[in-house]
Each structure stands twice: as structure tokens, then as C-alpha cells.
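Just below is one structure, and these are the notes that go with it.
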Amino acid sequence: MPYYRSVGSVPPKRHTQHRSPDGALYYEELMGEEGFSSDSSLLYHRHIPSAIVDATEWELPDQTSVPNHPLRPRHLRLRTLFDDDVIAGTDVVTGRRLILGNADVRISYVVAGAPSPLYRNAIGDEVVYLESGEASVETVFGVLNARRGDYVVIPRATTHRWIPRGDEVLRAYAIEAGSHIVPAKRYLSRFGQLLESAPYCERDLHGPGEPLLATATGDVEVLVKHRGSSGVVGTRMVYPTHPFDVVGWDGCLYPYTFDIADFEPLTGRVHQPPPAHQVFEGANFVICNFVPRKVDYHPLAIPVPYYHSNVDSDEVMFYCGGDYEARRGSGIGAGSVSLHPGGHAHGPQPGAYERSIGAEFFDELAVMVDTFRPLELGEGALACEDPDYAWTWAGRGPGDAPGAVGPA
7 MPYYRSVGSV PPKRHTQHRS PDGALYYEEL MGEEGFSSDS SLLYHRHIPS AIVDATEWEL
67 PDQTSVPNHP LRPRHLRLRT LFDDDVIAGT DVVTGRRLIL GNADVRISYV VAGAPSPLYR
127 NAIGDEVVYL ESGEASVETV FGVLNARRGD YVVIPRATTH RWIPRGDEVL RAYAIEAGSH
187 IVPAKRYLSR FGQLLESAPY CERDLHGPGE PLLATATGDV EVLVKHRGSS GVVGTRMVYP
247 THPFDVVGWD GCLYPYTFDI ADFEPLTGRV HQPPPAHQVF EGANFVICNF VPRKVDYHPL
307 AIPVPYYHSN VDSDEVMFYC GGDYEARRGS GIGAGSVSLH PGGHAHGPQP GAYERSIGAE
367 FFDELAVMVD TFRPLELGEG ALACEDPDYA WTWAGRGPGD APGAVGPA
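Using the working numbering, you'd call the opening residue of the sequence shown number 7 and step up by one each time.
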């Protein structure tokens, strides 16, 4: 995070005694990145944070993936992945279904109605976008209130859990990194402040406002996702006291929410390239927003994207609101994901190029992830793929006679 915060009770000077009103010593924990050389926070616990009484294997949801071979653009209908009768018992952590992934990033989707177990990801940061619903995200730093349209940014190894709220179903699009996820570097000053030219500022980032002091007693189980010799593995750790025992913390590393509606789009006389829509970045991938906006105002402008080849990256678009002029006729709608891999030129569907001329505003909402290493298909992708999407630009596919009209 680019700025300092202090929440709850902390001593005047770090690494010094901090005691409770009855004289008991609090236990200081440094949570820091990159081996003491990057952002960190100091948390003050009532109990020893490293004390565990048991550790057993946690079998993760299916993490297997297969190459995108033969190479094809893909359309995934995420809303077909969860039946109505299982949603009430599904949670945001253990219910995730892997859609796409590589060594740098894993993208999952879940529709949930139940509270999650306590959980932490020890592999990398997570960004979870809420397509619908509301939730309280309880963390060792305090509570985040998340709602439709929020990104929830959770640093690596932050113990937390998800508790759905309200009547609307909780649909979550989870981006799990093998690294840290931060604002785009070009948005930051050399001291870490978001610049005037950035499309959002610190006022748009909402962290916990007060400590969350759990009252539960007895052993507490935490699910930990971590690295293993065979890839991503899980462990159930049991603590003798609740990890939400932090009386205060300060620093520049903590979870926060960011509402996609607070992203101010950058527009121009002619079509702006995807980096104009960037919001976050991780190692070997970026995250971008496409939000409702005025579009190109050159008198000869073509507002939809030009056709482009992803020479160095795979492009993933999650369509989560509004209309998608460039995709009309492809079958893509709200809840869809498109994968356009490196090595394939892609762009608007037939007719969209011409139809967009003269448009002044696009009412669309999408989250994009661009990766710089190829993505593989998870079990969730294989379960919800539209097999006809790849042929929609040509109007026909394998087995169709030349001139025949293929699926729309």
C-alpha cells in the first residue's frame, strides 16, 4: 500500500514494550514483504501468534489444468458452474472453481451463500472482485465491508474469512497471484503516493477502521494455502487461541477495498489502448477495468477496439455489467469470460466495427487480466466452455460448408 495507517492501540515507538491495562505484555508481529526490505505492518497480539497445536493436510479444490492446445480463443459461461441447490452451502474459499492459471496467477469463480472457514493464502496476494452480493470480510487487521463492484485486496498470509450478507447471492471472481499485487507503478511517485495523473487516489481505498477482537475460546482451525513440491497444496493449522486477537497495528501493508465505480477512465480523441484502463499489477500480469465512459471524439474515430494480436500475452475479460458492443453476436454476456491467447489476432465481432461509428458513450463493465505467460484451462473452464465461440468471427466452423452461417 502506498500510505501509512494506524488502527487501535500501538506504542509510541516500535519494538518496545506494549502492555494491556492489567499489565500483560502484548506480542508484536512484523508482517512484511520482500525480506524486511519492502512494505510492512506491525501487529500487537494478546497471545503468541506462532503457537499451533496441530497441523494436518487440507485437500484443496481441484487445481489441475491443461494447456490451451490446440490454440483457440475461448468463451466461458461462469454462471452455469453452480447449481442453485448447492449455493447455500458453498463458501468463497473452499467453493472456488479454477478457471485459468499459470505459475504467476490463478483465476477462480465461486457463487456462495455460506460463511467461509478462516483462511490465508501464503503463496501470494489475492484480489477478489464481487460481481454481486455483499460480505463482511473479517481479517486479522479488522473488518472490511464489501459489496457489488468492490475489489477486495488481501495481502499474502493475511488470515481472514468471508461472511455473506443480505439477500443477494455472492458471486466472486478471485485472482490469486504468486506475487504481490499493487497499484500500477506509473501511477506512483518515487515515495509511493498516487499521482494526480492516476485514475484513483488514496481516498478511494478503504481499509479496516478498528481492530476485530474475537471472543471465541478454545482451539481454532485455519486453512493455509502454500507452496509444495507438487505445486499448490493446503494445510489445516490449529491454534490454541483465536488469531483475531490484535489490539492495534500500524504500517503500510493491510487489506482494503476499492470500488470499481471510483476508477476514473482515461479517454481520448481516438481509441485508447488497454494500459489506459489498468488498475493493479503483479509479477507477469496486470489487472484492468473497463467502466462506463465517454468514448473517442475524433470526427472519424472508431470507438470499439481495433483488431490486435497479443504478441506477448494472454488476455482474459470478465464481463460483469452493461452492454458489450464489440462482442454483440458472440454469445458473450454478463457472467462470461473470454480468453484471447497470444498468437491469435482478435477484436470486435462482425458488424461491431461499423456500428460503433458515431457512438459517444459505452455502458460496459469488465475486469481484464493480461498475463505474460500462457494460461492453462482449469476444471471450471472445461465445465462451462461455449464450444462454438472460436468460429464466431468467420460465421462458420469445422464441418460447415464454405458460405454456411455458423452459430451466433
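We put the CB at the ideal spot given by N, CA and C, even for glycine.
Local Cβ density within 10 Å of residue i, reported as buried at 16 or more and exposed below that
i      : result
His24  : buried
His191 : Note that residue 191 is Lys in the sequence shown here, rather than His. It is exposed - the Cβ of Lys191 has fewer than 16 other Cβ atoms within 10 Å.
Asp45  : buried
His81  : buried
Glu65  : exposed
Asp225 : exposed
Ala372 : buried
Tyr312 : exposed
His314 : exposed
Leu381 : buried
Ile181 : buried
Ile363 : exposed
Val72  : exposed
Glu63  : exposed
Tyr10  : exposed
Thr145 : buried
Ala332 : buried
CA-to-CA distance, residue j to residue i, given in whole angstroms
i      : j      : result
Leu150 : Thr263 : 7 Å
Cys207 : Ala152 : 18 Å
Arg154 : Gly139 : 5 Å
Ala410 : Asp329 : The predicted model places Ala410 with a pLDDT of 47, which falls under 50 and marks its position as unreliable; any figure quoted below should be read in that light. Each residue's Cα considered, the two are about 28 Å apart.
Gly335 : Thr398 : 8 Å
Val13  : Cys390 : 44 Å
Leu229 : Leu200 : 34 Å
Phe42  : Tyr32  : 22 Å
Pro416 : Ala30  : Outside the displayed range of the chain (7 to 414) lies residue 416, so it cannot be described from this structure.
Leu259 : Thr164 : 10 Å
Gly172 : Ala178 : 15 Å
Val59  : Ser319 : 45 Å
Ala400 : Phe291 : 30 Å
Ala414 : Pro356 : In this prediction, Ala414 scores a pLDDT of 40, lower than 50, which makes its location untrustworthy; no coordinate-derived value is stated.
Glu216 : Arg361 : 51 Å
Ser344 : Phe286 : 20 Å
Gly412 : Thr241 : With a pLDDT of only 44 at Gly412, under the threshold of 50, the placement of this residue in the model should not be trusted; the figure read from the coordinates follows. Going by the C-alpha atoms only, they are around 48 Å apart.
Asp392 : Gly386 : 12 Å
Ala120 : Glu34  : 33 Å
Cys326 : Ile338 : 11 Å
Thr254 : Ser15  : Per the sequence shown, residue 254 should be read as Gly rather than Thr. Straight-line Cα distance between these residues: approximately 4 Å.
Leu176 : Asp91  : 14 Å
DSSP three-state assignment for residue i, whether helix, strand or coil
i      : result
Trp399 : coil
Tyr135 : strand
Cys390 : helix
Tyr313 : coil
Ala372 : strand
Thr268 : Here residue 268 turns out to be Asp, not Thr, going by the sequence shown. Three-state DSSP puts Asp268 in a helix.
Arg102 : coil
Pro170 : strand
Glu331 : helix
Leu84  : helix
Glu366 : coil
Asp210 : helix
Tyr359 : helix
Ile93  : helix
Glu35  : strand
Pro380 : coil
Glu40  : coil
Arg233 : strand
Gly254 : strand
Leu201 : coil
Gly119 : coil
Ser26  : coil
Ala183 : strand
His352 : strand
Per DSSP, cross-strand counterpart(s) of residue i
i      : result
Glu216 : None, per the DSSP bridge assignment.
Arg52  : DSSP output for Arg52 lists no bridge partner at all.
Pro189 : Phe286
Val322 : Leu345, Val375
Asp60  : Val244
Cys294 : Gln284, Met374
Lys19  : Answer by DSSP bridge pairing: none, since Lys19 is not bridged.
Gly156 : Reading the sequence as shown, one finds Asp at residue 156 and not Gly. Beta-bridge pairing links Asp156 to Asp265.
Pro73  : Glu382
Ser142 : Asn151, Ile169
Minimum Cβ-Cβ distance from residue i to chain B less than 9 Å
i      : result
Ala220 : The question asks about chain B, but that chain is absent: this structure has only one protein chain.
heavy atom of the ligand ATP below 8 Å from residue i C-beta
i      : result
Val149 : The ligand ATP is absent from the structure shown, which contains no ligands of any kind.
Does the region 243-255 come within contact of the region 45-55, defined as at least 3 CB pairs closer than 8 Å? Yes: the two stretches touch, three or more of their Cβ pairs being nearer than 8 Å.
Any contact between the region 83-91 and the region 256-274? By contact I mean 3 or more CB pairs, one from each, below 8 Å. Counting Cβ pairs under 8 Å, fewer than three are found: no touch.
Are at least three pairs of beta-carbons, each pair with one atom in the region 301-309 and one in the region 271-282, less than 8 Å apart? These segments touch.
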